[in-house]
Amino acid sequence: MTKAYVIAHPRVKDMDKFKNEYASKVDATIAAFGGKFLVRTPATLAHEGEKGTLTVVIEFPDKEKAMSWYNSDAHQQIVGFRRSNTEEKSTFVICEESEKL
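Residues in the sequence shown are numbered from 434 upward in steps of one, following the working numbering.
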């Protein structure tokens with residue numbers, strides 16, 4: 434089974450709203466899909482490109498579980514709060530482990 438990861442570099446507009454409306458609620462949505470936070474920190478050094486406010490990495494058992502979490506009713510009920518409290522230049526991707534390039 435190939436693990437999958439959500440990697441996000443949100444550029445948060447209002448940290449208090451982001452925390453209250455999304456970050457404080459998202460933990461409860463990932464457990465049912467086998468997800469766990471590996472990284473969730475504002476302590477990021479950007480050496481190239483634009484730095485987000487946070488760096489977040491969530492590990493899932495596979496891509497199907499990651500996509501099922503993303504599309505789940507529980508996540509969809511709060512994802513609008515993330516979107517409304519982050520800039521368009523924010524990055525949010527789901528990727529799978531793969532062989533080395």
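Glycine residues also receive a C-beta, built at the ideal position from the N, C-alpha and C atoms.
Item, Value
"Ordered list of alpha helix (DSSP H) runs contained in the segment 460-525, each at least 4 residues", "496-504, 506-517"
"Cβ contact (3+ pairs, closer than 8 Å) linking the segment 496-513 and the segment 471-485", "no"
"Nearest-angstrom Cα separation, counted from L487 out to V445", "8 Å"
"Contact under 8 Å by Cβ, K496 with A437", "yes"
"The segment 449-464 / the segment 510-523 touching (three or more Cβ pairs under 8 Å)", "yes"
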